[in-house]
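Q:
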Ligand code: ATP
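Numbering (this note's numbering), first residue to last: 591 to 829.
1. Residue 829 to residue 792, Cα distance in whole Å?
2. Buried or exposed: residue 726, going by 16 or more other Cβ atoms within 10 Å of its Cβ?
3. Please return the same chain residues whose Cβ sits closer than 8 Å to the Cβ of residue 724, not counting the five positions on each side in sequence.
4. Mind checking which residues open and close the alpha helix (DSSP H) that includes residue 716?
5. Measuring alpha carbon to alpha carbon, tell me which residue in 820, 805, 813 is nearest residue 630.
6. At the level of alpha carbons, what is the spacing between residue 811 and residue 680?
7. Taking only heavy atoms of the ligand ATP into account, decide whether any of them is closer than 7 Å to the Cβ of residue 631.
8. What residue range is occupied by the uninterrupted beta strand (DSSP E) comprising residue 614?
9. With a threshold of 7 Å on Cβ separation, who are the neighbours of residue 591 within its own chain once the five nearest residues in sequence on each side are excluded?
10. Identify, in the order they occur along the chain, each residue of the same chain with its Cβ nearer than 6 Å to the Cβ of residue 722, setting aside the five sequence neighbours on each side.
11. Quick check on the DSSP output: what are the complete alpha helix (DSSP H) runs of length 4 or more inside the region 650 to 695, in order along the chain?
12. Can the beta-carbon of residue 597 be found less than 8 Å from the beta-carbon of residue 628?
13. Using the three-state DSSP reduction, which class does residue 710 fall into: helix, strand or coil?
14. Please classify residue 695: is it buried, with 16 or more other beta-carbons within 10 angstroms of its beta-carbon, or exposed?
15. Run the proximity test for residue 626: is its beta-carbon closer than 7 Å to any non-hydrogen atom belonging to the ligand ATP?
16. Less than 8 Å between the C-beta atoms of residue 746 and residue 702, yes or no?
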């Protein structure tokens with residue numbers, strides 16, 4: 591569903607990604623793990639068009655979207671829930687969610703039932719239902735994070751990129767985020783997940799890639815990576 595071949599990316603002269611290839615098959619959850627600064631966020635940005643790759647290709651649902659603007663890639667069916675809490679602070683929770691569905695009005699695929707999807711999102715994120723009339727800027731940090739995720743779901747995309755959805759959350763909310771990811775997986779969504787909690791990410795994922803200094807060092811089925819001594823030592827708290 592999403593395929594990246596030989597992706598190179600840089601900020602100015604500083605090369606960050608040195609030829610990354612990865613695949614996210616339809617209906618699967620794939621996780622990208624790696625230390626701070628390895629290039630995980632940069633990979634997400636290069637996929638979603640927030641930065642232009644220097645080299646390589648990004649294919650989404652059979653379409654080459656390399657180098658397109660992010661709004662075009664969103665219309666092609668990619669939702670990016672970026673690191674940090676990006677919500678429209680002066681709009682209500684419901685309006686934020688409806689805005690998430692906006693690219694569906696302009697792309698060629700069937701628009702689907704937005705009202706139904708809004709109810710579904712509220713069901714998936716009960717905290718948002720309780721606060722649906724509240725201005726997004728007055729939500730707690732964790733609630734804003736959930737709103738950013740729910741907005742990505744409202745695009746009804748082919749693929750969802752989730753960049754550190756649990757960042758800065760209290761443990762109880764971290765558990766809730768992983769529960770929601772599990773639910774989205776059960777719904778058959780296709781996701782690429784970047785997470786600081788590598789063990790939890792591998793537990794929910796089907797497949798994993800380890801990124802080291804802008805290169806994929808190891809990849810394999812998530813359960814295999816969980817049991818790989820080198821991966822355990824480096825990323826899973828020493829095993
Ligand atoms: P983390 O887990 O800390 O978020 P990451 O694996 O997501 O790390 P990236 O955010 O992709 O890493 O950063 C990779 C490298 O690119 C780092 O060395 C970082 O300093 C650099 N970098 C990121 N954003 C920029 C930018 N806008 N301008 C210049 N360099 C950047």
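Note that beta-carbon positions come from the ideal geometry of N, C-alpha and C, so glycine has one too. Only a predicted model underlies this, so the values are computations on that prediction, with no experimental measurement involved.
A: In short, the structure shows the following:
1. Only weak support exists for where residue 829 lies, its pLDDT of 43 falling under 50; the coordinates are left without a value.
2. buried
3. Non-local beta-carbon contacts of residue 724 in its own chain, meaning distances under 8 Å to residues more than five positions away in sequence, involve 682, 683 in chain order.
4. Its alpha helix (DSSP H) spans residues 716 to 720.
5. Closest by alpha carbon: 805.
6. Each residue's Cα considered, the two are about 43 Å apart.
7. yes
8. 604 to 614
9. 614, 615, 616, 651, 748, 749, 780
10. 683, 684
11. 660 to 665, 683 to 690
12. no
13. helix
14. exposed
15. yes
16. yes
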